[in-house]
Each structure stands twice: as C-alpha cells, then as structure tokens.
Amino acid sequence: MSNTLQIRKKGVITLPMELRRQYSLNEGDLLTLIDLGDGAFMLIPQPSQVAVLGNKVARALENEELSLDDMLLALDEERERYYQTHYAEE
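Mapping of the sequence shown onto numbering that gives the first Met the number 0: position 81 corresponds to residue 80, and the numbering continues sequentially without gaps.
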C-alpha cells in the first residue's frame, strides 16, 4: 500500500482514514519515528500505557489469584514508594 501525504504547518501530517481504522489509531496516540537513512523513515504505533498496565493487572489477578483488594493495596504501596523516590524532600 502506498499513499502520498502532505506536510502542513508545524510538520503536521494526516494519516489516511483506512490506516487509522486498520490499526485503531486515534487522536492523541503516540507514534515512534525511526530514521532509516537515505530519506526513509518508519512510524510505529505505541500502545496505550493504560491498556498495557490494565492487561498486566488482569493477568496478575488471573495467574496469582489475587483479590482486587490485594492489588489495590499493592498499588498504594508502590505509589508511595514512587513518591518517596522521586518527589519527597530529603
């Protein structure tokens, strides 16, 4: 498949609707641009981190037979650890 795209103000390009639908791309989604050299590059869609984390939580609940309360407690503990590491004053 080949399409011609036009670069607009501020470098904005519009991906064809067919591709956006095929790959479930929506406004605000992130893409990684890889420079292949010789004037060629590739765009790779990045999965939503919310969806990725949601899938990890779902698998953990199934595989470890953890309760939702166990997961929420672990999340609170991890959130506190992250805060202490990144934002707490020494």
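All C-beta atoms in this analysis are idealised placements derived from N, C-alpha and C, irrespective of residue type, glycine included.
Since I believe Thr31 is in contact with Ile21 (beta carbons under 8 Å), could you give me their beta-carbon distance rounded to a whole number of angstroms? The residue asked about is misnamed: residue 21 is Gln in this sequence, not Ile. Your pair Gln21 and Thr31 does not check out as a contact, with CB atoms roughly 18 Å apart and the cut at 8 Å.
Which residues mark the beginning and the end of the beta strand (DSSP E) in which Ala39 is found? Element bounds for Ala39: Ala39 to Pro44.
Cut-off 7 Å between Cβ atoms - residues of its own chain near Gly53, not counting five sequence neighbours on either side: Annotation for Gly53: no residue places its beta carbon closer than 7 Å to its own, counting only its chain and skipping 5 residues before and after.
Does DSSP classify Leu30 as helix, strand or coil? Residue state, collapsed to three classes: strand.
Please classify Leu14: does DSSP put it in a helix, a strand, or coil? It is coil, neither helix nor strand.
When DSSP labels each residue in this structure, what does Leu35 get in the three-state scheme? DSSP places Leu35 in the strand class (E or B) of the three-state scheme.
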